[in-house]
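*Asks:* Before I ask anything, let me first share the structure, which is written out below as structure tokens.
Numbering (the working numbering), first residue to last: 153 to 280.
Take a look at the structure:
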């Protein structure tokens, strides 16, 4: 898939550096293959757009998006703890083989309050 950012915008928020960091995290944490191909500047726009590519999946035509329960199970299997509701089915696809793939996730570093909550969750986990 080929994606272009909006002029002067880099995803949900943040600047270019934050956008590139989120792409790198998606590749690292979810095994995605997002590639930065370059940028394009259209004559009628005030600023350039970043051009990226990522894998194209053959989605299940009857049910292209997984359910929230399926997303929660997928994330748990990937080793993630659920700290907040917020996963959106539109940010995942269900391929023809029944496998879930994250697409266009917004991965952020936690702020201080979120970090404290995550640390408390980790401390409450059973210790081996």
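The beta-carbon is built from N, C-alpha and C at its ideal position, and this holds for glycine as well.
The structure presented is a predicted model; accordingly, all values stated were derived computationally and were not measured.
(1) Which runs of the alpha helix (DSSP H), 4 residues or longer, sit entirely within the region 189-262?
(2) With C-beta atoms as the reference, is residue 199 less than 8 Å away from residue 254?
(3) Exposed or buried, residue 154, counting other C-beta atoms within 10 Å across all chains shown (16 or more means buried)?
(4) In the DSSP assignment, find the alpha helix (DSSP H) that holds residue 277 and state where it starts and stops.
(5) Does the region 185-200 come close enough to the region 209-221 to have 3 or more Cβ pairs within less than 8 Å?
(6) Look at the alpha carbon of residue 270 and the alpha carbon of residue 229, and state the distance between them as a whole number of angstroms.
(7) Going by DSSP in three states, residue 266 sits in which element: helix, strand or coil?
(8) If distances are taken between C-alpha atoms only, which option among 196, 165, 244, 260 comes closest to residue 211?
(9) With distances taken from CA atoms, which of 215, 235, 267, 258 is nearest residue 249?
(10) Go through its chain and collect everything with a Cβ distance to residue 246's Cβ below 7 Å, but skip five positions before and after it.
(11) By the three-class DSSP mapping on this structure, what secondary structure does residue 173 have?
(12) Note down, in chain order, each residue of its chain lying with its Cβ closer than 7 Å to the Cβ of residue 208, except the 5 sequence neighbours on either side.
(13) Within the same chain, show all residues whose beta-carbon is closer than 8 Å to that of residue 273, passing over the 5 residues directly before and after it, in chain order.
*Replies:* Let me lay it out:
(1) 220-229
(2) Working through the chain shown from its first residue, we reach residue 199 at position 47. Working through the chain shown from its first residue, we reach residue 254 at position 102. No, the Cβ-Cβ distance between residue 199 and residue 254 is not below 8 Å.
(3) Taking the chain shown and counting its residues from 1, the one referred to as residue 154 is at position 2. Under this definition residue 154 is an exposed residue.
(4) Here residue 277 corresponds to residue number 125 of the chain shown, with the count starting at 1. Taken as a continuous stretch (DSSP letters only), residue 277 belongs to no alpha helix (DSSP H), as it is neither H nor E.
(5) no
(6) Position 118 of the chain shown, counted from the first residue, corresponds to residue 270. Position 77 of the chain shown, counted from the first residue, corresponds to residue 229. Roughly 18 Å between the two C-alpha positions.
(7) By one-based count along the chain shown, residue 266 stands at place 114. Three-state result, residue 266: helix.
(8) For the purposes of this step, residue 211 is taken as residue 59 along the chain shown, with counting starting at 1. Among 196, 165, 244, 260, the Cα nearest to that of residue 211 is on 244.
(9) Taking the chain shown and counting its residues from 1, one reaches residue 249 at position 97. The option with the nearest alpha carbon to residue 249 is 215.
(10) Against the chain shown, residue 246 aligns to sequence position 94. Here the set comprises 211, 212, 215, 216, 217, 218, 252.
(11) If you number the chain shown from 1, residue 173 lands on position 21. Of the three classes helix, strand and coil, the one that applies to residue 173 here is helix, per DSSP.
(12) Taking the chain shown and counting its residues from 1, the one referred to as residue 208 is at position 56. Correct list, in chain order: 153.
(13) Looking up residue 273 in the chain shown gives position 121. If we look at residue 273 and ignore the five residues flanking it on each side, its Cβ neighbours are 233, 235.
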